[in-house]
Each structure stands twice: as C-alpha cells, then as structure tokens.
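This note's numbering numbers the first residue of the sequence shown as 1 and each following residue consecutively. Positions of the beta carbon are idealized from the N, C-alpha and C atoms, including for glycine. Encoded as structure tokens, the structure appears first; notes follow it.
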Amino acid sequence: MTDTIGIVDVVFVRKLKRPVGSGVWGAYVLATDEFGTWLHTPAGSLYRGADGQHTGVCEVAQDSNGVGRSIVQLIPPDAWWIATWYPPIADRDVTVDICTPAVFVDRTWTYSDMELDPWRDRDGKVTTDDWDEFQAVRAAGWITQPEAAQSMAATETIERLLRQRVEPFGRVGIDRLTVATQLALPRRP
C-alpha cells in the first residue's frame with residue numbers, strides 16, 4: 001500500500017436512487033493509492049436517507065440488530081462501482097455498489113446507484129443481489145441503455161475479481177479496514 005495522503009479531511013458520500021431518493025453519510029479520507037480513494041466511516045456514524053415521501057436517520061452499515069458497523073469504502077477513479085468492506089463479524093467481507101462513476105464536488109462524493117450489488121461472503125461465495133430491481137428501473141426508463149451496458153459489464157468484472165480475490169479484493173481492503181478501525185476515530189454525526 002503506497003499512500004499519497006493520510007487522514008486529512010472529512011467528506012460526505014451521497015448515493016442517489018432513481019427516480020427519486022438519496023442517502024448521505026460522513027467519512028474520513030484515509031488515503032489515495034493506485035486503487036483510488038479510501039474512506040472510513042466509524043461504527044455508530046449516521047446515515048440520512050429520503051425517498052421522496054419519507055426521511056429517516058439510522059446508523060451506517062447496520063447489522064441485523066440495527067447496530068452500525070465500521071466500514072471502509074473504495075472509490076476508484078472513473079469506475080462503475082464503489083466497494084465497501086465490513087468487519088469480521090459481518091456475514092460478508094465486501095459488497096460492491098454498481099453505480100455511475102462517482103464525482104467529487106464541494107467535499108461530497110456523489111454517485112447514482114444502478115441497483116446491482118455483487119458481494120462475497122466469508123466463505124468466498126460470490127452473489128449479485130437486486131437483478132429484479134435493476135430490470136425494473138431499466139423497464140421504467142430510469143437507467144439508459146448505455147448505463148445498463150456499463151452496469152452489466154462492471155458486474156461481470158467485479159464478480160470475477162471477487163472470486164479470484166484480485167486486489168483490492170484480496171487483502172488490501174480488509175487490511176485498510178483493520179488499520180482504520182485501530183485509529184478509533186469518532187463517529188460521523
């Protein structure tokens with residue numbers, strides 16, 4: 001791991017849902033390396049979401065009991081995905097949001113969710129969730145044909161990288177999470 005920056009900034013991540021809705025949470029910038037920008041959101045940090053009718057607040061990366069977990073996210077440059085690593089107590093070690101390439105403006109990383117979510121469980125099994133949601137938003141015209149093609153190609157690539165544990169999906173992501181958790185940074189309100 002060769003870092004170009006250390007923890008120097010606090011940013012926000014905004015996930016847009018189509019046709020309406022969004023979620024936002026705070027994160028610490030850990031580093032930028034050959035894979036992209038690494039962010040850390042400590043356990044207990046808050047997620048704020050809205051769907052056009054309701055707004056709500058909960059903890060980021062909740063487990064089945066509603067308790068937020070510490071996570072590390074990787075935002076690769078110009079990629080159609082963002083990856084999230086979870087602590088060893090979670091049922092999965094990494095999930096990937098297939099999404100439009102994230103853009104950074106006014107201290108906020110923003111991306112549009114394309115619904116597909118590849119992930120790897122602790123035993124190495126790779127699954128992609130939400131094909132039904134992807135097809136529904138495509139049918140409604142909320143995802144364009146070029147976006148759909150990029151999303152499906154990204155999903156296929158990510159599934160292969162997860163199965164083969166190609167970095168950053170080998171040790172790099174989980175090592176980043178271990179280091180970030182040891183920093184004991186305060187939760188993001």
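Go through its chain and collect everything with a Cβ distance to residue i's Cβ below 7 Å, but skip five positions before and after it.
i: Arg120; result: Arg92, Asp93, Val94, Val126 and Leu162
i: Ile174; result: Trp85 and Asp93
i: Ala50; result: Gly21 and Ser22
i: Thr108; result: Val11, Phe12 and Arg14
i: Leu133; result: Note on residue identity: the sequence assigns Glu, not Leu, to residue 133. Correct list, in chain order: Glu115.
i: Gly52; result: Val20 and Gly21
i: Thr110; result: Arg14, Leu16, Ala102 and Val103
i: Gly68; result: Ala43, Gly44, Ser45, Glu59, Val60, Ala61 and Gln62
i: Ala148; result: Arg138
i: Met152; result: none
i: Asp113; result: Lys15, Leu16, Lys17, Asp97 and Cys99
Going by DSSP, what residue range makes up the alpha helix (DSSP H) through residue i?
i: Thr190; result: Missing from the structure shown is residue 190; the chain here goes from 1 to 189 and no further.
i: Thr155; result: Gln145 to Gln164
Who are the near neighbours of residue i in its chain, counting only those whose CB is closer than 8 Å to its CB and skipping five residues on each side?
i: Trp25; result: Phe12, Val13, Thr41, Ser45, Leu46, Tyr47, Arg48, Val60 and Arg188
i: Asp117; result: Thr95, Val96, Asp97, Ile98, Thr128, Asp129 and Asp130
i: Thr4; result: Model confidence at Thr4 stands at a pLDDT of 47, short of 50, so the residue's coordinates are unreliable; what they give is reported in the following sentence. Closer than 8 Å at Cβ, skipping near neighbours: Ala31, Thr32 and Asp33.
i: Ala199; result: The structure shown does not extend to residue 199, since the chain is modelled only from 1 to 189, so the question has no answer here.
i: Thr155; result: Ile98, Leu116, Pro118 and Thr128
Kindly identify the DSSP beta-bridge partner or partners of residue i.
i: Phe169; result: Answer is none; Phe169 lacks a bridge partner.
i: Gln73; result: Leu39 and Thr84
i: Ala50; result: Ser22 and Thr55
i: Thr178; result: DSSP, once it has assigned bridges, lists no residue as partnering Thr178.
i: Val60; result: Looking at the DSSP assignment, Val60 forms no beta bridge with any residue, so it has no partner.
i: Val96; result: Ala83
i: Gly68; result: Gln62
Once the 5 residues before and after residue i are set aside, which same chain residues still bring their CB inside 6 Å of it?
i: Asp78; result: Pro101
i: Trp142; result: Arg18 and Pro19
i: Ile75; result: Gly36, Thr37, Ile82, Ala102 and Trp109
i: Arg176; result: Trp38 and Val72
What residue range does the beta strand (DSSP E) around residue i cover?
i: Leu185; result: Leu185 -> no beta strand (DSSP E), and no H or E assigned at all.
i: Asp33; result: Ser22 to Asp33
i: Arg14; result: Val10 to Leu16
With 9 Å as the threshold, decide whether the Cβ of residue i is near any Cβ in chain C.
i: Tyr111; result: Judged by its chain identifiers, the structure shown contains no chain C, having just a single protein chain.
Do the segment 34-53 and the segment 169-186 meet, that is, are 3 or more Cβ pairs less than 8 Å apart? With the cut-off at 8 Å, the segment 34-53 and the segment 169-186 touch.
Of all the alpha helix (DSSP H) runs that stay within the bounds of the segment 102-141, which reach a length of 4 or more residues? Listed in chain order, the complete alpha helix (DSSP H) runs (minimum 4 residues) inside the segment 102-141 are 131-139.
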